[in-house]
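Going down the list, the sequences are from chains X and S. Residues in the first sequence are numbered from 47 upward in steps of one, following this note's numbering. Residues in the second sequence are numbered from 47 upward in steps of one, following this note's numbering. Where a beta carbon is used, it is the ideal one built from N, C-alpha and C, also for glycine. Keep in mind it's a predicted model, so treat the numbers as computed, not measured.
Protein chains: 2
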Amino acid sequence: MTKPPTIKDIARQLNISVSTVSRAIRNASDVNPETKKAVLALVEELNYQPNQLALSLRNKQTHTIGVIVPNLDYVLSMMVRGIDEVALEAGYTVMICQSNESFGREILNTRRLLESLVDGFIISVSSETKTFEHFKKIQEKEIPMVVFDRVTPQLKAPSVHIDNVGGGFQATEHLIEQGYKRIAILAGPKNLDISNKRLEGYLNALKKHHVKVDNDLIVHCDFSQDYAFFAAEELLAMKKRPDAIFTISDRMAIGAMLAIKKKGLEMPHDIGLVGFNDEPILSLVSPTISSVEQPSFELGKITAKLFIEAMHNPEETTPVEKILKTKLYVRESSQRILPK
Amino acid sequence: MTKPPTIKDIARQLNISVSTVSRAIRNASDVNPETKKAVLALVEELNYQPNQLALSLRNKQTHTIGVIVPNLDYVLSMMVRGIDEVALEAGYTVMICQSNESFGREILNTRRLLESLVDGFIISVSSETKTFEHFKKIQEKEIPMVVFDRVTPQLKAPSVHIDNVGGGFQATEHLIEQGYKRIAILAGPKNLDISNKRLEGYLNALKKHHVKVDNDLIVHCDFSQDYAFFAAEELLAMKKRPDAIFTISDRMAIGAMLAIKKKGLEMPHDIGLVGFNDEPILSLVSPTISSVEQPSFELGKITAKLFIEAMHNPEETTPVEKILKTKLYVRESSQRILPK
DNA sequence: AACGGTACCGGCAACGTTACCGGTTTTCCC
DNA sequence: GGGAAAACCGGTAACGTTGCCGGTACCGTT
């Protein structure tokens, strides 16, 4: 285990002081070109690499960003790739932690990353999270933080997310326009803002088109396919069953699709279905499923850019909020009226 | 920006030396119980957290593992979750870097992680990677390293992977037993060991059952669905077209499926299809697609465990190699003969 | 010859922590 | 009561780096 060379080794071999070596390596000023050349030559020869730990200790920054995500499903892993892309470019290394949708795990991750002295946080909250004390700690220490995708009004921080209200509206209005009358929504956990917003969009669309809201058609369950399946089964077992379902995620849409098939109903004739996220799988199943697309990769990139900005203007007064537009992709599952 | 409290602050407030504080905090020995109590009380009050950077600098270890993966698709993100799980338990923080299947990016990631002075590496190589100098650098520095999933004989290191030969064999033998005569294989890039091994299993199965190898039925393409689609189209356009296709990934199986449907062929009657990975999507498409399952989450956990072992026995002579069994899931796409 | 300026360099302290050594006081035992 | 051991504590150096300050040598100017 030959220890890596340090600035001291170079100084010793060249019979000069460490200060001079240090200066030679970065700051051209105040150092004889000859000396500098000698130092750089030796740097090359010994393959000297500055010790980042020592630098971090001295400069009080680690050039590391802590990213906390609830999971690494299709959407989030795209977003993470976007974050990674931009961060790497800007000289940051990213530490990705998965909370696995667990509140406890999220707290642990936060603590670990704080201990690692990351320069900042990029966060998407877990579905279990209802209190935000662990994140407040970050803010108390005045460490930059940006939330993305799963944001929450309870956390005053710069945020990047899609227009969830708009997305919910797009999906619902589309179903209305296709002539569906009893449109149900499979929403997520009630504490998740992302779910509430999509629900809000759903309600907005109903209101705009003077459709009466039926609370029996609003169902909350968790994001998993299985839960969505059971929830959809219950919906379909109602006396006056819905003739369309809007699910706020594609995973749930798959669950709903399975329930619909099991019940023997035909899409889009008997019932319409629209999901959210536009995962590739939707064009592979039969019938293909309509969905609201969000620009995941782009969103990740924008988040990282915003973070880096926030990093450089530490004292921004009003937290920025960036909202990205969604786009509805209409497929077989909801298209009763063919476009002319 | 109130600076976090240090051991010095505590010492000053209690009028004792930093050495004593340091001892009080971890090593019970050589410190008066009274003093210790006072220190711990103040630790609590000030909410003191040891500075990991300083610790790392001193102890020459960062308790951080660098993980490099080519992407975060279904299989790899499961594996990463397994790694994360075990590492976190053992007190390590994980830095996940995606190479995006790019050789250059992989090198950059390696360098960055080396600079970050991670305690070790857990690596799955990109599909572009043909030379391994960048990883050799890790070994020269005698930093522990474990490779997983996408391993390569060119890299002498402890490794964890599935039995790729066995998996390829299972899939192919199954197709033979179902009565398919001209079985094609869609393999991956030629430099990927993982692909070559599955191909080897394919050849083994043919040999065992005295089926003649037809080189026209062995096609190499990259892992993407689109490429697989085109490759499958070409296969199906042959004069003597294959009556079964084994693809070494599910993404490719999807591509092949689309080509088969476009051609108007029926699975499993006209043609059989078996994929690899057993992604959930396979049971959602129609027909459902058979596939070779690998225990991804488990594999990740085992990898991390092996890494931690390697960490503690730095001078292991023979690199361990752990091989996990695969399991074939037979679905509609390949089941011509119904089980009795 | 005296002075000011510049080019170059080295020493010290500091970032936060701990290992090691040496010192003082107390306790214990014969 | 003397000596040894135990209990407790503080100072120093070190991990690798850089900012700051002060110092020397040389040059050109008056």
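What is the DSSP secondary structure of residue i, reduced to helix, strand or coil?
i, result
"H255(S)", "coil"
"V67(X)", "helix"
"K368(X)", "strand"
"I348(X)", "helix"
"S329(X)", "helix"
"I62(S)", "coil"
"G137(X)", "coil"
"L147(X)", "Reading off the sequence, residue 147(X) comes out as Glu, not Leu. Three-state DSSP puts E147(X) in coil, outside helix and strand."
"T156(X)", "helix"
"V77(X)", "coil"
"S162(S)", "coil"
"L384(S)", "coil"
"F353(X)", "helix"
"K49(X)", "coil"
"L374(S)", "strand"
"I169(X)", "strand"
"S336(X)", "strand"
Measure the C-alpha to C-alpha separation of residue i and residue j and round it to an integer number of angstroms.
i, j, result
"K187(X)", "T108(S)", "22 Å"
"R104(S)", "I53(S)", "15 Å"
"I260(X)", "K254(X)", "The question names Ile, but residue 260(X) is Asp in the sequence shown. So the alpha carbons of these two residues sit roughly 15 Å apart."
"D76(X)", "I56(X)", "18 Å"
"P51(S)", "S68(X)", "29 Å"
"A100(S)", "T81(X)", "32 Å"
"P116(X)", "H266(S)", "37 Å"
"Q193(S)", "S170(S)", "Checking the sequence, you will find Val at residue 193(S) rather than Gln. Taking the straight line from one Cα to the other gives about 6 Å."
"K83(X)", "N97(X)", "21 Å"
"I317(S)", "I335(S)", "12 Å"
"Q419(S)", "N93(S)", "Outside the shown range of chain S (47 to 386) lies residue 419(S), about which nothing can therefore be said."
"S145(S)", "L154(S)", "9 Å"
"Q340(X)", "K49(X)", "49 Å"
"I129(X)", "T349(X)", "7 Å"
"I111(S)", "E135(X)", "21 Å"
"L282(X)", "S205(X)", "38 Å"
"L159(X)", "G301(X)", "35 Å"
"L249(S)", "M298(X)", "41 Å"
"D165(X)", "P365(X)", "18 Å"
"Y273(X)", "K347(X)", "32 Å"
Taking residue i as the reference, which of the options has the closest Cα?
i, options, result
"E344(X)", "L160(X), D165(X), R127(X), E91(X)", "R127(X)"
"I222(X)", "A70(X), L163(X), P288(X), A133(X)", "P288(X)"
"A305(S)", "P314(S), A277(S), P326(S)", "A277(S)"
"E378(X)", "T372(X), A203(X), H315(X), G112(X)", "H315(X)"
"V197(X)", "S173(X), G213(X), H220(X)", "S173(X)"
"D296(S)", "S342(X), N155(X), L330(X), M298(X)", "L330(X)"
"L319(S)", "K309(S), N146(S), P333(S)", "P333(S)"
"I142(S)", "E179(S), E152(S), A136(S)", "E152(S)"
"S342(X)", "Y226(X), D195(X), I354(X), G214(X)", "D195(X)"
"N210(X)", "I264(X), M191(X), G247(X), K236(X)", "G247(X)"
"L252(S)", "T218(S), S241(S), V366(S)", "T218(S)"
"S241(X)", "R72(X), G212(X), F353(X)", "G212(X)"
"L88(S)", "A70(S), I168(S), P190(S)", "A70(S)"
"Q381(X)", "H220(X), I291(X), L118(X)", "H220(X)"
"Q216(X)", "L201(X), V338(X), K182(X)", "V338(X)"
"A233(S)", "F167(S), E355(S), F292(S)", "F292(S)"
Applying the criterion that 16 or more other CB atoms from any shown protein chain within 10 Å of the CB defines a buried residue, is residue i buried or exposed?
i, result
"N61(X)", "exposed"
"K243(X)", "buried"
"P199(X)", "exposed"
"T66(S)", "buried"
"M313(S)", "buried"
"T388(X)", "Outside the displayed span of chain X (47 to 386) sits residue 388(X), for which this structure offers no information."
"N323(S)", "buried"
"N359(X)", "exposed"
"S102(S)", "buried"
"M284(S)", "exposed"
"E325(S)", "buried"
"H256(S)", "exposed"
"L384(X)", "exposed"
"E90(X)", "exposed"
- Kindly provide the ranges of any beta strand (DSSP E) runs that are 3 or more residues long and lie completely inside the segment 172-235 of chain S, ordered along the chain. 191-194, 205-208, 229-233
- Ordered list of beta strand (DSSP E) runs contained in the segment 273-323 of chain X, each at least 3 residues: 290-293, 318-323
- Just list the alpha helix (DSSP H) runs in the segment 80-113 of chain S, keeping only unbroken ones of 4 residues or longer that don't cross its boundaries, in chain order. Taking only runs of at least 4 residues, the alpha helix (DSSP H) segments lying wholly in the segment 80-113 of chain S are 98-105.
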